[in-house]
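In mature numbering (1 follows the signal peptide of the UniProt record, and there is no 0), the protein residues as written are -23 to -1, 1 to 327. One structure is given below, encoded as structure tokens.
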Amino acid sequence: MPTRRAVLAAALMVLAAAGCSGSGSGEQQAEANTVVVSTFPFGVKEFEQAVITPFTQQTGIKVELDTGSNADRLSKLKLAKGEPEADVVLISDYFAALGQKDGLFQKVDVPNIKQLAPFATEGGYEGPAYTHQLNGVIYNTEQLDQKQAADWNLFADAAHKGKVALPDISVTAGQLMISGVGEAYGKGPYDIDGSLRTLAGWAPNVLQFYTSSTEVTNLLTQGEIVAADALSGFATKLVSSGEPIAWTAPAKGRYMATNRAMIPKGARNPEGAAKLIDYMLSAEAQSAMAKTVGDLPTNPKADIPPEIAKVTGEAAKDPVAAGYKTLDPAELVDTRATWVDRFTREVAGK
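In structure tokens, the structure reads:
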């Protein structure tokens, strides 16, 4: 007696022979009505609520999410060899630059790009920045005041030995810190020698070189440290919950990172991808992402929620006016491996 699987297989063969052209058009229609987004593994539900659901309601285009780290998703894109599963790749600026060097992305040109702040579209990126992240110092307000926290010398002070934390170079804040210290104590943001020399001097005071937001927030709330170099987003929930925590921009050496919306070469649905990115850049979507996800917008018309404004002040709305700068990817891509190795040996390994 034929199995159910055999019967189904035979039926499918008959259907394919009878109407393969209709099947192909059906698949093409399904692809045209679906956008696959490669994105970060955190804040997924919030992102769906803020962006995906209203986008689908407005356009009828379905969105499928594929999550993972920057490095893993970029590797997956390389292995696809021009036939990517993703139509949109949401990725941090450094990894976007790496992908561009390998020719993985195509130019994004959508109407709402014109609404963005200049820093979101300038530079050598094929896709616009849809969020930004500010580097600074998160600190215990019962132990330090804002002026003390904003001074990089905090990390050199022996009085805080074993009571401070710094980011590892592998995380976003790590590169921003290195460039900030290079500007404050060296010849500029790409002065790796001056920066690492300074950081190596601070290393004996550092309790931990952290690799996740959870690590640093736990150290703070448990009273193990009084301060850490960190992105502003790390402080939002802690401040809102009433913890004696605040965040400040450094007095000198203010750098920010961006997350980019990219379309890979060979994307199956570039038209749908462009529609989604255009929606993500709208004031409506950016306001929703700021409120629900906690992302800092790149569209100046977007609303900044009170809980974010309480942490960053006006910097969230206009980071450039607050003294923040972006880094040139051309200065970082070719040197990354060397800098990571040197940081591990000369700073974190001390």
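Note that CB positions come from ideal geometry on N, CA and C, so glycine has one too.
- The beta carbon of K327 is closer than 8 Å to those of A177, A180, P181 in its chain, skipping five residues each way along the sequence.
- Around A250, the same chain offers V12, D64, V65, I240, A244 as residues with beta carbons nearer than 7 Å, after the five sequence neighbours per side are excluded.
- Where L197 is concerned, the enclosing alpha helix (DSSP H) starts and stops at 190 to 198.
- Contact check for G159 against G210 fails: the beta carbons are separated by 8 Å or more.
- According to the DSSP assignment, Y162 belongs to the alpha helix (DSSP H) that extends over 149 to 162.
- If you keep only unbroken beta strand (DSSP E) runs of at least 3 residues inside the region 48 to 99, you get 65 to 69.
- Contact between S69 and T149 holds: their C-beta atoms lie close to 6 Å from each other, under 8 Å.
- Between the region 160 to 170 and the region 216 to 233 there are three or more C-beta pairs closer than 8 Å, enough to call the two in contact.
- L93 sits close to T275, with the two beta carbons spaced by under 8 Å.
- Per DSSP, T289 lies in no beta strand (DSSP E); the unbroken alpha helix (DSSP H) holding it starts and ends at 283 to 289.
- V193 sits away from A127, with the two beta carbons spaced by 8 Å or more.
- For R237, no alpha helix (DSSP H) segment is defined; the enclosing uninterrupted segment is the beta strand (DSSP E) at 233 to 241.
- Beta-bridge partners assigned by DSSP to W224: I115.
- The secondary-structure analysis by DSSP pairs K229 with nothing; it has no beta-bridge partner.
- Around the beta-carbon of G59, fewer than 16 other beta-carbon atoms lie within 10 Å, marking it exposed.
- Per DSSP, K214 is one residue of the alpha helix (DSSP H) stretching across 210 to 217.
- S52 counts as exposed, since fewer than 16 other C-beta atoms from the protein chains shown sit within 10 angstroms of its C-beta.
- In the three-state scheme derived from DSSP, where H, G and I count as helix and E and B as strand, S259 is classed as coil.
- Taking C-beta separations shorter than 8 Å and ignoring five residues to either side along the sequence, the partners of F186 in its chain run A142, L143, P144, D145, V324, A325, following chain order.
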